[in-house]
């Protein structure tokens, strides 16, 4: 889980947003698309783009 947190911080920094914005986007994608499982949070995070956070 620590690796995920590190990548979460890195992704937020690369998109120049707060970590909370990334977490909210991941949660939204999981809720909106029932085919995602919580285990897919990594793949969801890696697919996020700046426009997904606006």
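In my numbering, the protein residues as written are 329 to 382.
Quick reminder that beta carbons are idealized off the backbone N, C-alpha and C, glycines included.
Check	Outcome
What three-state label does DSSP hand residue 353 in the structure shown?	helix
Could you name the residues of the same chain whose beta carbon sits closer than 7 Å to that of residue 337, not counting the 5 residues immediately before and after it, in chain order?	347
With residue 369 as the anchor, note down where its alpha helix (DSSP H) starts and where it stops.	369-375
Going by DSSP in three states, residue 362 sits in which element: helix, strand or coil?	coil
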